[in-house]
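Down below is the structure, laid out as structure tokens.
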Amino acid sequence: MHRFTNISEGDTQRYEDVAAGLAEADFVVSVMDAELVFWAVRANVPVLFFDSLLSFWLTERSIEELAARAQLVRWSDDETARFVFDTLTPHERILLAHLLATRSYAQNFPGVVARIDSLTRAGASHIQLCGPIVDRGALDAALSAPAPDRIPDLLINLGGFQNFFLNYESHNAYLDLLRRWVAELAAAQPELRRVLVCGGAFRESVTETHGGVEIEYTMLPHKDFLRHLAHTPLYAVPPSLTSLHEAVILRKLPLLLPEQHYGHVTNLRALRGTAIGDNAASLIDLGTRFKVPEDDLEGTRALDRLTRELLSDEAEYRSFADYLDRRLADYRQLTNQERDAAVDELGGLLGGPALADLLAYVSDRLTPAGKTS
Numbered sequence: 000m001h002r003f004t005n006i007s008e009g010d011t012q013r014y015e016d017v018a019a020g021l022a023e024a025d026f027v028v029s030v031m032d033a034e035l036v037f038w039a040v041r042a043n044v045p046v047l048f049f050d051s052l053l054s055f056w057l058t059e060r061s062i063e064e065l066a067a068r069a070q071l072v073r074w075s076d077d078e079t080a081r082f083v084f085d086t087l088t089p090h091e092r093i094l095l096a097h098l099l100a101t102r103s104y105a106q107n108f109p110g111v112v113a114r115i116d117s118l119t120r121a122g123a124s125h126i127q128l129c130g131p132i133v134d135r136g137a138l139d140a141a142l143s144a145p146a147p148d149r150i151p152d153l154l155i156n157l158g159g160f161q162n163f164f165l166n167y168e169s170h171n172a173y174l175d176l177l178r179r180w181v182a183e184l185a186a187a188q189p190e191l192r193r194v195l196v197c198g199g200a201f202r203e204s205v206t207e208t209h210g211g212v213e214i215e216y217t218m219l220p221h222k223d224f225l226r227h228l229a230h231t232p233l234y235a236v237p238p239s240l241t242s243l244h245e246a247v248i249l250r251k252l253p254l255l256l257p258e259q260h261y262g263h264v265t266n267l268r269a270l271r272g273t274a275i276g277d278n279a280a281s282l283i284d285l286g287t288r289f290k291v292p293e294d295d296l297e298g299t300r301a302l303d304r305l306t307r308e309l310l311s312d313e314a315e316y317r318s319f320a321d322y323l324d325r326r327l328a329d330y331r332q333l334t335n336q337e338r339d340a341a342v343d344e345l346g347g348l349l350g351g352p353a354l355a356d357l358l359a360y361v362s363d364r365l366t367p368a369g370k371t372s
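Going left to right, the sequence shown walks through residues 0 to 372 as numbering that gives the first Met the number 0 numbers them.
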């Protein structure tokens, strides 16, 4: 169990919420929170920055321009520093945080090494590539733990789902779409026997029966979920990076489900040409109208609209369901050797130095960036 001296609620966009902590901190740890990096740098407190999505962040500015702005944020007066920071997009602020941090760590994925190289050329020599930013202890425990009493024949992981646009109440067409498909799949394929669908949307467990197949919608504690994943024969999940890293460590090849949001679009694009990417289910395979804007918000908004249209048009839905059925059938036909080879291939793309090893001696180097040569 991890123990903290104090846990305080607050908003890192508000200086008054972090001022007391900064005043007594030896260093700051920020996980993709650029605001916290801003305040730490302004207070001259060393900061470690962790980023699992470095290749994802969009910017129309050059890295050199962002590096110049980082210097303004670091050395200007308070008003100028805040103005410069606020003029950047949320994605650009993450890149700025890498430039400002004392040390930063980027989880590996296609495109990350190139992004680190570009940041290094702009003067940020403190950024380090790392392997999975996951709970390795929980994963190791899942591998050694006994199998659950009732192993699902198919485990579907829909993740937390919610973000800045998607939610469980209104912008939720994807959840409705998958629930309809799962019910029809169960009715048509009784050999599945039990399907377990996990996700943040299912805080209250619901069990249904279709064609003799039991479908349980639930949200499991993470360690319990990993134990199920370690033993399930069939696994399906959208192209979430954390889910991919966990699957590789547990030696489980997933069927990648269609994209929930724009981040999944870019993740899947980066995996094209690999076994897991080429066997994935993607909305773009249904036609060019499923190509979404290259923007985090607008791309996600378009995906929600398109999935809602699939639900409202029976012919369109049938085309989608038949396509997903075929993808699942192809996935089930893969041999153990093909699955192992695909996991090895994916692991080669995601591997990197263990984060624990990189952090082992970091305390010797926690001098605020910009204060030493």
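The C-beta atom is built at its ideal place from N, Cα and C for all residues, glycine as well.
Keep in mind the model is a prediction, meaning the values are calculated, not measured.
7 Å Cβ shell around residue i - same chain, five flanking residues per side excluded
{"i": "LEU309", "result": "LEU176, GLU315, TYR316 and PHE319"}
{"i": "GLN12", "result": "GLU34"}
{"i": "ASN266", "result": "PRO238 and LEU240"}
{"i": "ILE93", "result": "MET31, ALA33, ASP50 and TRP56"}
Local conformation of residue i per DSSP, three classes
{"i": "HIS230", "result": "helix"}
{"i": "ILE275", "result": "helix"}
{"i": "GLN188", "result": "coil"}
{"i": "ALA39", "result": "helix"}
{"i": "TYR322", "result": "helix"}
{"i": "GLN12", "result": "coil"}
{"i": "ALA235", "result": "strand"}
{"i": "ILE283", "result": "helix"}
{"i": "TYR360", "result": "coil"}
Same chain, Cβ closer than 6 Å to residue i, neighbours up to 5 away in sequence not counted
{"i": "ALA141", "result": "LEU225, ARG226 and ALA229"}
{"i": "SER204", "result": "THR217"}
{"i": "ASP152", "result": "LEU191, ARG192 and ARG193"}
{"i": "PRO237", "result": "LEU256, GLN259 and HIS263"}
{"i": "ALA42", "result": "LEU21"}
8 Å Cβ shell around residue i - same chain, five flanking residues per side excluded
{"i": "VAL133", "result": "THR241, HIS244, GLU245 and ILE248"}
{"i": "THR119", "result": "ILE126"}
{"i": "MET0", "result": "Its pLDDT being 47, under 50, MET0 is placed unreliably by the model, and the measurement read from it follows with that caveat. Nothing listed; no residue qualifies."}
C-alpha distance - residue i paired with residue j, whole-angstrom precision
{"i": "PRO292", "j": "ARG300", "result": "9 Å"}
{"i": "PRO232", "j": "GLN127", "result": "36 Å"}
{"i": "LEU357", "j": "ASP312", "result": "52 Å"}
{"i": "PHE201", "j": "ALA69", "result": "42 Å"}
{"i": "ASP339", "j": "THR273", "result": "13 Å"}
{"i": "TRP74", "j": "LEU254", "result": "49 Å"}
{"i": "SER117", "j": "GLU63", "result": "9 Å"}
{"i": "ALA100", "j": "LEU65", "result": "14 Å"}
{"i": "THR86", "j": "ALA24", "result": "28 Å"}
{"i": "ARG178", "j": "THR79", "result": "50 Å"}
{"i": "PRO352", "j": "LEU252", "result": "22 Å"}
{"i": "GLU344", "j": "ARG114", "result": "21 Å"}
Sub-8 Å separation of residue i and residue j beta-carbons
{"i": "GLY350", "j": "GLY122", "result": "no"}
{"i": "ALA105", "j": "ASP32", "result": "no"}
{"i": "VAL44", "j": "LEU71", "result": "no"}
{"i": "LEU323", "j": "TYR234", "result": "no"}
{"i": "LEU305", "j": "TYR261", "result": "no"}
task: Just list the beta strand (DSSP E) runs in the region 44-124, keeping only unbroken ones of 3 residues or longer that don't cross its boundaries, in chain order.
output: Listed in chain order, the beta strand (DSSP E) runs fully inside the region 44-124 are 46-50 and 102-106, counting runs of at least 3 residues.
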